[in-house]
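J.: Below is a structure I'd like to ask you about.
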Amino acid sequence: MRKLKKFAALSLVGMLAASAFVGCGKKTTNNSGSSEGSGDVAGLTDGGKVLNIYVWNDEFINRMVDHYPGYVKVDDLHGKIGDVDVVFTQVANQDNAYQDNLDNTFNANGENQKNAKSADEKVDIFLAEIDYITKYVNSPWSAPISEYGVTDADLAKQYEYTKQAATDSNGVLKGVSWQACSAAMIYRSDIAEKVFGSSEPDKVQEQVKDWDTFAKAADTLKAAGYQAMASANDSFRVFSNNVTTKWVDDEGVLNIDANIEKWAKLSKEMVDKGQCKTFDLWSNEWNDGMKTSSNVFAYFGPAWLINFCMHASEDGYAAKDGLWKITEGPQSFFWGGTWILGAAGGDNKTLVKDIILKMTTDDAVMEGITRKDSDFVNNTAVNDKLAADANYKNAILGGQNPTQLFVNGLTKIDLSNITAYDQGCNEKFQAAMKDWFDGNYKSYEEALADFHKKIGDKYSDITIK
1309 MRKLKKFAAL
1319 SLVGMLAASA
1329 FVGCGKKTTN
1339 NSGSSEGSGD
1349 VAGLTDGGKV
1359 LNIYVWNDEF
1369 INRMVDHYPG
1379 YVKVDDLHGK
1389 IGDVDVVFTQ
1399 VANQDNAYQD
1409 NLDNTFNANG
1419 ENQKNAKSAD
1429 EKVDIFLAEI
1439 DYITKYVNSP
1449 WSAPISEYGV
1459 TDADLAKQYE
1469 YTKQAATDSN
1479 GVLKGVSWQA
1489 CSAAMIYRSD
1499 IAEKVFGSSE
1509 PDKVQEQVKD
1519 WDTFAKAADT
1529 LKAAGYQAMA
1539 SANDSFRVFS
1549 NNVTTKWVDD
1559 EGVLNIDANI
1569 EKWAKLSKEM
1579 VDKGQCKTFD
1589 LWSNEWNDGM
1599 KTSSNVFAYF
1609 GPAWLINFCM
1619 HASEDGYAAK
1629 DGLWKITEGP
1639 QSFFWGGTWI
1649 LGAAGGDNKT
1659 LVKDIILKMT
1669 TDDAVMEGIT
1679 RKDSDFVNNT
1689 AVNDKLAADA
1699 NYKNAILGGQ
1709 NPTQLFVNGL
1719 TKIDLSNITA
1729 YDQGCNEKFQ
1739 AAMKDWFDGN
1749 YKSYEEALAD
1759 FHKKIGDKYS
1769 DITIK
C-alpha cells in the first residue's frame, strides 16, 4: 500500500533515508503492545539483538504496536520485543525510492548478507506490495517461508491468491500477508439520498453497475452540483486490475492493454465535463474530497483505504460522521496488499517465524485487526465469522458490514497479468495522461508518446514498439 502524510523517513541503522512520503492519514498507536494472545517472548529472541524491518509507511509498524503480543513501543521507528531492538527503516514508495533503497542495501550486504558491516545491520524482514512483489520473490534476497519452519498447515486459512502472489517461478512460497485486498466503490450516503433517492447499496449499485451506467450517473451528479470522483486517478486501479494482458509481455515488449486505454479516454471525457479533477492520489486536494463539506460522491478502494486514508478520527471529514457506504461499483477489482518477506541471511529466524504466525495466522490477532483497524484480513474463518455477525458494524460506513462484499470480490482476483514493472508503468502512464487531461497535450497519441519516453528512460530492458 501507498499511504501516509509527508514526512522525512529516517533509518535508525546508520543510514539517512530522508525522503518526502506522500499518502494517507497517520493512525494513532499506543505504547504498550497488544493484549491479543500471549505476550510471552521467551524463546523467541535467540538470534540477533537487532531485528531490522524495512517498510515504506507506518501501516505495518502500527499493526505491530497494536497487535503483536509483547511489542513495546520506544518511538515511531523503534520498539522492543524482549531484549531485541526492533528497528524500522522507512523510505517512500513513490518513484521506486523504497525499492531502490532495498536494492542498494542488499547489494551492499552481498549474497546472504555476508558483507554486512555487522550482524546488527542485516535486514531481517522487508515488506513488498503487489506492484513489485514478483520482483522480490524471484530474487535471491528473499528466503523461502519454509526456512522459518512455517508450514502449509499454518497457512491453511489464508486466501490462495495471497499465496500465489508471493510464490516464485519455481513454486516456492516466500511471503505472507495479514490482509486481502478486494476493493469496491465507496460513496457518500447523503449525496446518494439527494441525487438518486436512496443510499442503500443495492439501489446505488443499479446506478453504477457498469461503466456506461456510471457515466450516466456522473452526468446526473454533475447536474445536481456534485463530482462523481475527486480525481480521474481514483478509478485507475479498477481498470488496471481488470486487464487481460501484461504491461510488459514475456518477450519484454511494452503493451497498452485495451482497458488501460479505456480508462484514459473515459477519464478525459469526465475531466472535460467537470465530473472529476486530475489531482494526484494522496495530495491535499484529493484528501479534501473526503471532507463533509465536499461535493465528491465516490472513491474506489479496498478496506485499507477506508481505514487508513479517510480521516475517520478527524473533525470535518465524512468518515467521522459515518457518511460513507460501499457497493461493488462498475467492476469488481483489487488494489494493493502488503506481504511480509524474510530476508535471506537474516539472523532472527525464530522471531521472524513468530511474527509471521502471529501477524498473519492467529485468529485472535486477525479479528483484532479487523475490529480495531477495519482492515479486511487474510483469514477465511475470521471473515466468515464477521460476515455473519449482526453486531459487527463499520462506523465509517454508517454501520454497514462490508465483510461479505469483500469476500465475494476475492473470487474475481486474477494475478496472471502482474509483472515486476507494474509500479513504474502505472505511475508513468498516469503522469503522462494527467498532462493530456490538463490540456498540455492535444491528443491521447501525444500523451502516449510521452509515456513511451518515460518508460524508455526508466527501464532500459523494455522494448517499445
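Following our numbering, the numbering of the sequence shown begins with 1309 at its first residue and continues without gaps.
Beta carbons are placed, not taken as given, at the ideal position from N, Cα and C, and that holds for glycine.
Out of Q1738, T1475, I1663, point me to the one whose CA is closest to E1813's CA.
T.: Nothing about residue 1813 can be reported from this structure: the residues present for the chain run from 1309 to 1773 only.
J.: I1721: which of A1500, F1547, G1624 sits nearest, CA to CA?
T.: Indexing the sequence shown from 1 puts residue 1721 at position 413. The residue with the shortest Cα to Cα distance from I1721 is F1547.
J.: According to DSSP, is P1509 part of a helix, a strand, or is it coil?
T.: Indexing the sequence shown from 1 puts residue 1509 at position 201. P1509: helix per DSSP, three-state reduction.
J.: How about G1644 and I1499: are their beta carbons less than 8 Å apart?
T.: What you label residue 1644 is simply residue 336 of the sequence shown in a count that begins at 1. What you label residue 1499 is simply residue 191 of the sequence shown in a count that begins at 1. Cβ distance not < 8 Å, so G1644 and I1499 don't count as in contact.
J.: Candidates N1699, A1672, I1648, T1678: which alpha carbon is nearest V1445's?
T.: Position 137 of the sequence shown, counted from the start, is the residue given in the question as residue 1445. The shortest C-alpha separation from V1445 is found at I1648.
J.: Pick helix, strand or coil for A1536, following the three-state DSSP scheme.
T.: Taking the first residue of the sequence shown as position 1, residue 1536 is located at position 228. Note: A1536 maps to strand in three-state DSSP.
J.: Is the beta carbon of N1550 sitting closer than 8 Å to the one on F1641?
T.: Within the sequence shown, residue 1550 is the residue found at index 242, counting from 1. Within the sequence shown, residue 1641 is the residue found at index 333, counting from 1. In contact: N1550 and F1641 (Cβ atoms closer than 8 Å).
J.: Out of T1688, N1415, E1675, which one is the CA nearest neighbour of Y1700?
T.: Indexing the sequence shown from 1 puts residue 1700 at position 392. Checking every option, the nearest Cα to that of Y1700 belongs to E1675.
J.: Along the chain, where does the alpha helix (DSSP H) that runs through S1497 open and close?
T.: Within the sequence shown, the letter at position 189 stands for residue 1497. From DSSP, the alpha helix (DSSP H) with S1497 extends over 1497-1504.
J.: H1375 by DSSP, collapsed to three states: which one?
T.: Position 67 of the sequence shown, counting from 1, holds the residue named residue 1375. In the structure shown, H1375 sits in a helix (DSSP, three-state: H, G or I).
J.: For Y1700, name the three-state secondary structure that DSSP assigns.
T.: Stepping through the sequence shown from its first residue, residue 1700 is reached at position 392. Here Y1700 sits in coil by DSSP.
J.: Please report the Cβ distance between E1501 and S1507, rounded to the nearest whole angstrom; I am assuming they are in contact, meaning their Cβ atoms lie under 8 Å.
T.: Stepping through the sequence shown from its first residue, residue 1501 is reached at position 193. Stepping through the sequence shown from its first residue, residue 1507 is reached at position 199. Correct: roughly 5 Å between the Cβ atoms.
J.: With DSSP collapsed to three states, give me the class of L1631.
T.: By one-based count along the sequence shown, residue 1631 stands at place 323. In the structure shown, L1631 sits in coil (DSSP, three-state: anything other than H, G, I, E or B).
J.: Which same chain residues, not among the five before or five after D1565, have their C-beta less than 6 Å away from its C-beta?
T.: For this step, residue 1565 is matched to residue 257 along the sequence shown. Around D1565: V1551, T1553.
J.: With a threshold of 16 other CB atoms inside 10 Å of the CB of G1333, please say whether the residue is buried or exposed.
T.: The sequence position of residue 1333 within the sequence shown is 25, counting from 1. In this prediction, G1333 scores a pLDDT of 45, lower than 50, which makes its location untrustworthy; no coordinate-derived value is stated.
J.: Apart from the five residues on each side of it in sequence, which residues of its chain come closer than 7 Å, Cβ to Cβ, to A1492?
T.: In the sequence shown, residue 1492 corresponds to position 184, counting from 1. Cβ neighbours of A1492 beyond the five flanking positions: I1634, T1635, E1636, G1637, L1713, G1717.
J.: Give me the Cα-Cα distance between K1680 and G1706, rounded to the nearest whole angstrom.
T.: Within the sequence shown, numbered from 1, the residue matching residue 1680 stands at position 372. Within the sequence shown, numbered from 1, the residue matching residue 1706 stands at position 398. Cα-Cα distance, rounded: 16 Å.
J.: Tell me which residue opens and which closes the beta strand (DSSP E) that A1451 is part of.
T.: Along the sequence shown, one-based indexing puts residue 1451 at 143. That residue, A1451, is in no beta strand (DSSP E); it is neither H nor E in DSSP.
J.: Measure the C-alpha to C-alpha separation of Q1731 and N1404 and round it to an integer number of angstroms.
T.: If you number the sequence shown from 1, residue 1731 lands on position 423. If you number the sequence shown from 1, residue 1404 lands on position 96. Whole-angstrom Cα-Cα distance: 8 Å.
J.: Output the boundary residues of the beta strand (DSSP E) element that contains H1386.
T.: Along the sequence shown, read from residue 1 onward, the residue named residue 1386 stands at position 78. It spans 1386-1389 - the beta strand (DSSP E) in which H1386 sits, taken as one unbroken run.
J.: I believe A1538 touches K1585 by the beta-carbon criterion, under 8 Å. Please report the beta-carbon distance rounded to the nearest angstrom.
T.: Within the sequence shown, residue 1538 is the residue found at index 230, counting from 1. Within the sequence shown, residue 1585 is the residue found at index 277, counting from 1. Correct: roughly 6 Å between the Cβ atoms.
J.: Counting along the chain, where does the beta strand (DSSP E) carrying N1709 start and finish?
T.: The residue given as residue 1709 occupies position 401 in the sequence shown. Taken as a continuous stretch (DSSP letters only), N1709 belongs to no beta strand (DSSP E), as it is neither H nor E.
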